[in-house]
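K.L.:
The structure is given below, and queries will be raised subsequently.
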Amino acid sequence: MELGRLEYLQALVTEFQVTDSAGNSRRRSLAVLAPSVPSHTWRFSLAEAKEQVLANLANFAYDPKNYEYLRQLQVLDLFLDMLTEDNETLVEFAMGGLCNLCLDKTNKEYILEANGVEPIINCLSSSNEETVVSAVTTLMFLTTPQSRPQTTALPVVECMLRFSLSANRRLSNLASVFLEDYCSPPQVEEARSLSKHTAVGIPLPKD
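Written out as C-alpha cells, the structure is:
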C-alpha cells in the first residue's frame, strides 16, 4: 500500500515534468511548422494539464503520511518554483500545497532554509484571494524566533494592517490574528505610523 502511494506520487511529479517539457517542445515546433495556428488553442490544454497535476499534488500535501514521500520527490522545491509563475492558478495551488506542508517541522525547516519566505511574501500582492489567504497562513506557520524578523518585517506588517481593514471578512480576520499573535505592539504601531505617511503598494485581492 505504501509503495503504491510513493509510486503514484512519483507518477504525478513525472507527469508534471513531462507536461512542462512537452509544452516547451510543442511551442517551438508549432512556431516553426504552424505559425498561423492561434497559440491559445494549444497553450490552454497544456496549462490545464499542469494545473490539474499541481492541484493533485497540493491535495496530497494535506496528509502527513505523504510528507516524507513529497520531500523525497522534491515537491517542496516544485511548489516554491511555481510561486514565480505568471499563471495565477499554478501559484494558487503551489501556495496551498506549501501551506499544508509547513505544518510539519521538517518541512518548515526546509522551506526556511530554501529561502522560501521571500517568494511567499511576494504572494501577498496576488489578486487571487486563495493565494493571499494561503500566504498569510503559511507565514504564520513559518514564524519561529529565528525567522520572525523576516516573516514579520515592516512591509508585511503594513500589509496585514491593510488586510485587517478589508471588507473581505475572511481576510480581515486572518490578518487581525497575524497582527495580534505574531507581531509585537511596537511593530504594529510603527507600521501604522508609517502607513499614515506612505502609500502601501500591495493591492487587496479580488473578492
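Residue numbers (this note's numbering): 321 to 527. All C-beta atoms, glycine included, are put in the ideal place defined by N, C-alpha and C. Treat the numbers as computed from the prediction; the structure is a model and nothing was measured.
#1: Please report the straight-line C-alpha distance between F413 and L514, rounded to a whole angstrom.
#2: What would DSSP say about T463, mapped onto helix, strand or coil?
#3: Do the CB positions of L393 and Q330 come within less than 8 Å of each other?
#4: Assuming A495 and S484 make a contact with CB atoms under 8 Å, what is their CB distance in whole Å?
#5: With a threshold of 8 Å on Cβ separation, who are the neighbours of R490 within its own chain once the five nearest residues in sequence on each side are excluded?
#6: Going straight from the alpha carbon of A381 to that of E368, what length do you get?
#7: What three-state label does DSSP hand Q470 in the structure shown?
#8: Which runs of the alpha helix (DSSP H), 4 residues or longer, sit entirely within the stretch 394-432?
#9: Tell me, to the nearest whole angstrom, how far the beta carbon of I431 is from that of L396; I am working on the premise that it is less than 8 Å.
#10: Could you tell me the alpha carbon to alpha carbon distance between E478 and E371, rounded to whole angstroms?
#11: Skipping 5 residues on each side, what residues in its chain have a beta carbon closer than 7 Å to that of R512?
#12: Less than 8 Å between the C-beta atoms of L462 and K428, yes or no?
P.N.:
In this structure, then:
#1: For the purposes of this step, residue 413 is taken as the residue at position 93 of the sequence shown. For the purposes of this step, residue 514 is taken as the residue at position 194 of the sequence shown. The straight-line gap from Cα to Cα measures roughly 33 Å.
#2: Residue mapping note: residue 463 aligns to position 143 of the sequence shown, counting from 1. Here DSSP, grouped into helix, strand and coil, assigns T463 to coil.
#3: For the purposes of this step, residue 393 is identified with residue 73 of the sequence shown, where counting begins at 1. For the purposes of this step, residue 330 is identified with residue 10 of the sequence shown, where counting begins at 1. By the CB criterion at 8 Å, L393 and Q330 fall inside the cutoff.
#4: The residue labelled residue 495 in the question sits at position 175 within the sequence shown. The residue labelled residue 484 in the question sits at position 164 within the sequence shown. Yes, A495 and S484 are in contact; Cβ-Cβ is about 4 Å, under 8 Å.
#5: As a first step, residue 490 is located in the sequence shown; it is residue number 170 there, counting from the start. Taking R490 as the centre and dropping the five residues before and after it, the same chain places the C-beta of E449 and V453 closer than 8 Å to its C-beta, in chain order.
#6: As a first step, residue 381 is located in the sequence shown; it is residue number 61 there, counting from the start. As a first step, residue 368 is located in the sequence shown; it is residue number 48 there, counting from the start. Note on geometry: alpha-carbon atoms of A381 and E368 lie some 20 Å from one another.
#7: In the sequence shown, counting from the first residue as 1, residue 470 sits at position 150. Secondary structure at Q470: helix, using DSSP grouped into helix, strand and coil.
#8: Along the length of the stretch 394-432, whole alpha helix (DSSP H) runs at least 4 residues long occupy 395-402 and 408-421, reported in chain order.
#9: Here residue 431 refers to the residue found at position 111 of the sequence shown. Here residue 396 refers to the residue found at position 76 of the sequence shown. Rounded to the nearest angstrom, the Cβ distance from I431 to L396 is 6 Å, consistent with a contact under 8 Å.
#10: As a working note, residue 478 is residue 158 in the sequence shown. As a working note, residue 371 is residue 51 in the sequence shown. Straight-line spacing of the CA atoms in E478 and E371 works out to 32 Å.
#11: Residue mapping note: residue 512 aligns to position 192 of the sequence shown, counting from 1. Within the same chain, Cβ atoms closer than 7 Å to the Cβ of R512 are found at L481, the five residues on either side in sequence being excluded.
#12: For the purposes of this step, residue 462 is taken as residue 142 along the sequence shown, with counting starting at 1. For the purposes of this step, residue 428 is taken as residue 108 along the sequence shown, with counting starting at 1. Taking 8 Å as the cut-off, the Cβ atoms of L462 and K428 count as close.
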